[in-house]
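Protein chains: 2
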Amino acid sequence: MDRIPILRMGDLLLVTIQVDMHDQLALALQDDLTEKIQATSARGVLIDISALDIVDSFIGRMIATISALARIMDATTVVVGMQPAVAITLVELGLNLTGVRTALDVERGMKLLQHTDAAP
Amino acid sequence: MDRIPILRMGDLLLVTIQVDMHDQLALALQDDLTEKIQATSARGVLIDISALDIVDSFIGRMIATISALARIMDATTVVVGMQPAVAITLVELGLNLTGVRTALDVERGMKLLQHTDAAP
C-alpha cells in the first residue's frame with residue numbers, strides 16, 4: 036500500500052484516509068491529488084477521516100497543506116467524518132484547521148460543496 | 036485500524052478497501068455493512084478496490100459474500116476500480132465473481148446503480 040486512492044465523483048474528489056500516514060505517503064497523496072484536480076477539473080476535495088481514531092500534528096499539517104494546495108488550484112477542501120476525540124486532539128494541539136472547511140459526513144460535505152459552488 | 040469505514044452517499048454506501056483484509060476485519064465489515072444497509076435503507080453498495088494490487092481467494096470470497104448479503108437485503112453490490120492484474124488473478128483463481136456487478140470506477144458504478152434502480 037503505497038498510494039491512497041482518490042475517487043472521482045462528478046466534479047468532486049474523495050479521499051478516504053484509513054491507514055497511518057507517513058511522510059512518503061503524504062507526499063504521494065499531495066502529488067496525486069494536485070494532478071487529479073488538474074486532470075479532472077475538480078471543484079472540491081472531500082477528505083474522509085472517519086477511520087482515524089488518533090490524529091497527530093503531522094496529519095493536521097498534511098490536511099492544512101492539502102487544503103492550501105487545493106485552494107490555489109481553485110478547489111475547496113472539506114474534511115468530513117471527524118471523530119469527537121480527534122476534534123479535541125486537534126484543538127489541544129493548537130491545530131484549529133483555519134481555512135479548512137469541515138462537515139459531519141460525506142453527504143453534508145457534498146452539500147456544502149454544492150452550496151459553495153452556487154455562491155460566488 | 037479495526038474497522039473499514041462505510042460512507043453514505045444518498046441511498047448508496049461506499050466502501051473503499053485499502054488495507055490487507057484478514058478474517059476479523061472482513062467479518063466486522065460484513066456486520067457493519069448489513070447494519071448500515073438496514074439503518075440507511077441503502078439500495079446499492081459500491082466496493083472500491085482500486086487500492087488493491089493483489090487479490091487472493093480470501094478477498095474474492097469476501098466480495099462474493101458481501102454481495103450475497105446485500106442482495107438478500109435488497110441492495111445491489113458493484114465492485115469498482117479493479118486493476119487489470121487483479122482481474123487476471125481472480126479469473127485464474129476461478130473466482131469469476133458470478134452475480135457481482137463491476138464497473139470501471141465509482142462514477143460508472145453510481146450510474147449503473149441508478150440505472151438498476153430505474154429498471155424494475
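As they're listed, the protein sequences go chains P and F.
This note's numbering numbers the first residue of the first sequence as 36 and each following residue consecutively.
This note's numbering numbers the first residue of the second sequence as 36 and each following residue consecutively.
Think of the CB as a built atom: it goes at the ideal place given N, C-alpha and C, for glycine as much as any other residue.
Close beta carbons around valine 80/P, own chain, < 6 Å, minus the five adjacent residues each side: By 1-based counting over the first sequence, the position of residue 80/P is 45. Here the set comprises Leu48, Ala105, Ala110, Thr112.
Check the Cβ of methionine 117/F against every Cβ in chain P and list those closer than 7 Å, keeping chain order. Within the second sequence, residue 117/F is the residue found at index 82, counting from 1. Ordered by position in chain P, no residue passes the 7 Å Cβ test against methionine 117/F, which lies about 12 Å from the chain.
At a CB-CB cut-off below 8 Å, which residues of chain P make contact with serine 85/F? In the second sequence, counting from the first residue as 1, residue 85/F sits at position 50. By Cβ distance, chain P contributes Pro40, Leu42.
With a threshold of 8 Å between beta-carbons, can glutamine 73/P be considered close to chain F, or not? Walking along the first sequence from the start, residue 73/P turns up at place 38. Cβ-Cβ to chain F under 8 Å: no for glutamine 73/P.
Which residues share a DSSP beta bridge with threonine 75/F? Residue mapping note: residue 75/F aligns to position 40 of the second sequence, counting from 1. Answer is none; threonine 75/F lacks a bridge partner.
Interface flag, threonine 69/P vs chain F, CB-CB below 8 Å: By 1-based counting over the first sequence, the position of residue 69/P is 34. Answer no: the Cβ-Cβ gap between threonine 69/P and chain F never drops below 8 Å.
Check whether chain F comes within 8 Å of alanine 154/P, counting only Cβ atoms and requiring the distance to be less than that. On the first sequence, residue 154/P is found 119 positions in, with the first residue counted as 1. Only weak support exists for where alanine 154/P lies, its pLDDT of 43 falling under 50; the value from the coordinates is given anyway. No - not a single Cβ of chain F is within 8 Å of the one on alanine 154/P.
Taking DSSP as the reference, what is the three-state secondary structure of aspartate 46/P? Position 11 of the first sequence, counted from the start, is the residue given in the question as residue 46/P. Coil.
Looking at C-alpha atoms only, which residue of His57/P, His150/P, Gly129/P is the closest neighbour of alanine 138/P? One-based indexing of the first sequence puts residue 138/P at position 103. The shortest C-alpha separation from alanine 138/P is found at His150/P.
In chain F, which residues lie with their C-beta within 7 Å of the C-beta of aspartate 66/P? Indexing the first sequence from 1 puts residue 66/P at position 31. Ordered by position in chain F, no residue passes the 7 Å Cβ test against aspartate 66/P, which lies about 16 Å from the chain.
Work out the CA separation of isoleucine 84/P and proline 201/P for me, nearest whole Å. Outside the displayed range of chain P (36 to 155) lies residue 201/P, so it cannot be described from this structure.
What is the DSSP secondary structure of alanine 138/F, reduced to helix, strand or coil? Reading the second sequence from its first residue, position 103 is the one you call residue 138/F. In this structure, alanine 138/F counts as strand in the three-state DSSP scheme.
Of the listed residues Ile82/F, Ile94/F, Thr100/F, nearest to threonine 124/F (C-alpha basis): The count along the second sequence starts at 1 and reaches residue 124/F at position 89. Per the Cα distances, Ile94/F.
With respect to the alpha helix (DSSP H) encompassing valine 121/P, which residues constitute its N-terminal and C-terminal limits? Translated into the one-based positions of the first sequence, residue 121/P becomes position 86. Start and end: 119-127.
Classify isoleucine 41/F: buried if its beta carbon has 16 or more other beta carbons within 10 angstroms, exposed otherwise. Against the second sequence, residue 41/F aligns to sequence position 6. Isoleucine 41/F should be labelled buried.
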